[in-house]
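Residue numbers (our numbering): 1014 to 1418.
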Amino acid sequence: MKDIFHDLLASRSIFKNKEVLRPSYVPDFLPHREKQINELASILAPALRGETPSNVFIYGKTGTGKTAVAKFIGKQLMEKGRQLKVNTNFVYINCEIVDTQYRVLQNVANHFIKAWEERIPFTGWPTDEVYSRLIHSIERTKGVAVIVLDEVDKLKGDEVLYNLSRMNYDLKDARTSIIGISNDLKFTEFLDPRVKSSLGEENLVFPPYSADELCDILGERAKMAFNEEVIEDNVIPLCAALAAQEHGDARRALDLLRVSAEIAERLGDKKVTEKHVRMAENKIELDRVTEIVRTLPIQSKIVLMAAIVGTEFYDSLTTGELYLIYKDLCRRAGINVLTQRRVADLISELDMLGIINARIISKGRYGRTREIDVSSSTKIKEVLEKDDTLPNLKDYKPKLQSKLL
DNA sequence: CATCCACAGGAAGGACGGGGGT
DNA sequence: ACCCCCGTCCTTCCTGTGGATG
């Protein structure tokens, strides 16, 4: 018993505050985003002077600090508003979760509705009534409202964007600014031109972080997250370098650091070392693959299974060979067989998810096809074997030769 | 050098299901 | 309550093509 408590107490000594490493945490200091912060601030500043601010469109890949900067600005703006006695409101909406026109309007409107007033229900009201209620509530504040739509590309339909971005025309005493955030560069191309011009009055690009910049970010957070002297010197540069290889994703770097420390803690080690980072890298990858595989539709699972079974016996497969195995597996499992055209698309999807590799090769006279292999096949196989909707692949042997005749 | 394999991958359309508008 | 539109999944049909082989 004593030993158990001893271990637990010892392991407490790594983290001081784990929360600051979580993606949801918004730090007070954002290294290497000063330029973006200043630009965004100068775009929104007119609002505090009673002028109408522009709408902004922000884009950049995942983990480049888009959301953090937006939330940070929101906080600052609220503070400045209090100082200047201007009524400021900041609404943050993640469109991946709130993804329909009605729910966006409802969410924004409810933000402005006072506690004792009737809130707008989840469903039931005509959309235009929600809109006019929203306009009315904002008008009443006689102040500034900044509305952030994170992941705007996930929004179904662009009507909401149109309505929201032209709200200023319906307002007299209040002003709004819409900030749209997206990681899809081509997103605006598909928008209604009117929305495009009103939302994209200003554009901000967030470039990926370099390895050095990631180091600074991690260092800053590590000071808050960990106790003194628990992180070895090479750990942070390593996390930064690994994340920079991907696409300068700060979230990934922070995850690596956090998981490394968690592993160290669980192992009862007093310091986080390079070894833990390597283990963390592995664990994160395994978790990612597991999650992807687990949530794959049945047909994709069968295709993946065919790829694994096939590569176990032949070191690379062509689309045609994979398809033969796939058909056989389907018949055994009593699942309907898709056409080769469709299976080819499923193979592409699996390739894009990064759980198989499929590259186009030409075998000259013997055709052009994709060569397929599987990166971490044993991990994937484990996940697939636990799935009881699939045929059991123990002792299964593909018989290509006879089928190919 | 033309040929020709075994596909890649685009186009069009059918079936189906869910969500929003009326 | 109903319908319609849209997205997803899948099929059918099709044209395009890199490069070993004759």
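From the three backbone atoms N, C-alpha and C, an ideal C-beta is built for every residue, glycine too.
Within the same chain, show all residues whose beta-carbon is closer than 8 Å to that of residue i, passing over the 5 residues directly before and after it, in chain order.
i, result
"Leu1097", "Leu1061"
"Glu1233", "Pro1040, Phe1042, Pro1044"
"Arg1381", "Ile1373, Ile1374, Ser1375"
"Val1272", "Ala1293, Lys1296, Ile1297"
"Leu1184", "Ile1148, Ile1151, Glu1152"
"Lys1392", "Leu1299, Val1302, Thr1303"
"Asp1197", "Tyr1072, Asp1166"
"Thr1324", "Leu1330, Ile1385, Asp1386, Val1387, Ser1390"
"Ile1106", "Val1117, Asn1120, Val1121, Ile1160, Val1161, Leu1162, Asp1163"
"Asp1328", "Asp1386"
"Ser1415", "Because the pLDDT at Ser1415 is just 41, under 50, the model does not fix this residue reliably, and the value given afterwards should be weighed accordingly. Around Ser1415: no qualifying Cβ."
Taking residue i as the reference, give the member of the options with the closest Cα.
i, options, result
"Thr1075", "Leu1280, Phe1326, Ile1194, Val1356", "Ile1194"
"Val1356", "Thr1332, Asn1102, Gly1073", "Thr1332"
"Ser1389", "Val1117, Ala1266, Ile1305, Val1173", "Ile1305"
"Glu1241", "Val1285, Ala1266, Ile1276", "Val1285"
"Ile1050", "Ser1361, Phe1125, Phe1219, Glu1334", "Phe1219"
"Ile1110", "Ile1148, Leu1162, Ser1055", "Leu1162"
"Arg1153", "His1124, Thr1080, Arg1381", "His1124"
"Ala1235", "Asn1216, Gln1258, Gly1261, Asp1268", "Asp1268"
"Glu1172", "Val1208, Ile1151, Ile1160", "Val1208"
"Tyr1144", "Leu1168, Arg1179, Lys1167", "Arg1179"
"Val1069", "Cys1228, Arg1265, Glu1052, Glu1214", "Glu1214"
"Ile1086", "Lys1392, Leu1053, Leu1177, Gln1312", "Leu1053"
"Lys1084", "Arg1307, Val1104, Gly1094, Arg1095", "Val1104"
"Lys1029", "Pro1059, Thr1303, Glu1278", "Glu1278"
"Thr1038", "Val1082, Val1099, Lys1048", "According to the sequence as given, residue 1038 is Tyr; it is not Thr. The shortest C-alpha separation from Tyr1038 is found at Val1082."
"Leu1090", "Glu1259, Leu1057, Thr1113", "Leu1057"
"Lys1155", "Asp1328, Arg1188, Lys1399, Thr1324", "Arg1188"
"Gln1312", "Tyr1175, Gly1078, Thr1352, Leu1118", "Thr1352"
"Leu1231", "Asn1216, Glu1245, Pro1250, Leu1217", "Pro1250"
"Val1396", "Tyr1336, Arg1307, Lys1410", "Arg1307"
"Glu1245", "Leu1309, Met1237, Val1290", "Val1290"
"Leu1177", "Leu1359, Phe1239, Gln1114, Asp1229", "Gln1114"
"Asp1186", "Asn1100, Thr1201, Ala1238", "Asn1100"
"Gly1281", "Val1243, Ala1254, Leu1309, Lys1088", "Val1243"
"Arg1383", "Tyr1409, Asp1358, Asn1120", "Asp1358"
So what does residue i bridge to, in DSSP terms?
i, result
"Ala1158", "Asn1102, Thr1189"
"Asp1386", "Asn1370"
"Thr1331", "Glu1384"
"Ile1194", "Ile1071"
"Phe1219", "Gly1073"
"Val1285", "Ile1244"
"Phe1028", "Phe1239"
"Asp1358", "Paired residues: none, contrary to the question."
"Ser1375", "Arg1381"
"Asp1163", "Asn1107"
Give me, in chain order, the residues of the same chain whose beta-carbon lies closer than 7 Å to that of residue i; leave out the 5 immediate sequence neighbours on both sides.
i, result
"Met1292", "Ile1276"
"Asn1247", "Glu1287"
"Lys1093", "Leu1061"
"Arg1265", "Gly1076, Ala1256, Glu1259"
"Leu1363", "Ser1313, Val1316, Leu1317, Ile1369"
"Tyr1379", "none"
Among the residues of its own chain, which have a CB less than 6 Å from the CB of residue i, if the five just before and after it don't count?
i, result
"Asp1262", "Thr1075, Gly1076, Ala1256"
"Tyr1222", "Gly1261, Ala1263"
"Ala1274", "Ile1027, Val1285"
"Glu1226", "His1045"
"Gly1165", "It should be pointed out that residue 1165 corresponds to Val in this sequence rather than to Gly. These residues qualify, in order along the chain: Cys1108, Gly1193, Ser1195."
"Ala1158", "Asn1102, Ile1151, Thr1189"
"Asn1216", "Phe1070"
If you follow the alpha helix (DSSP H) that residue i is in, where does it begin and where does it stop?
i, result
"Leu1309", "That residue, Leu1309, is in no alpha helix (DSSP H); it is neither H nor E in DSSP."
"Thr1080", "1079-1097"
"Gly1232", "1224-1238"
"Lys1048", "1047-1061"
"His1124", "1114-1125"
"Ala1181", "Note that residue 1181 is Asn in the sequence shown, not Ala. Residues 1180-1183."
"Leu1270", "1263-1280"
"Leu1168", "Counting along the chain, Leu1168 falls outside any alpha helix (DSSP H), and DSSP gives it neither H nor E."
"Ala1210", "Correcting the residue type first, residue 1210 is Ser in the shown sequence and not Ala. Ser1210 -> alpha helix (DSSP H) spans 1206-1212."
With respect to 6 Å, is the separation between the Cβ of residue i and the closest non-hydrogen atom of the ligand MN below this value?
i, result
"Phe1239", "Judged by which ligands are present, the structure shown has none, so any question about the ligand MN falls away."
Specify whether the segment 1315-1325 and the segment 1369-1387 touch according to this definition: at least 3 beta carbon pairs, one from each stretch, less than 8 Å apart.
Between the segment 1315-1325 and the segment 1369-1387 there are three or more C-beta pairs closer than 8 Å, enough to call the two in contact.
Tell me, please, whether the segment 1342-1355 touches the segment 1387-1406 by the rule of three or more beta-carbon pairs shorter than 8 Å.
Touching, yes, given that three or more Cβ pairs across the two stretches are closer than 8 Å.
Contact between the segment 1053-1069 and the segment 1031-1042: three or more CB pairs below 8 Å?
No contact exists between the segment 1053-1069 and the segment 1031-1042.
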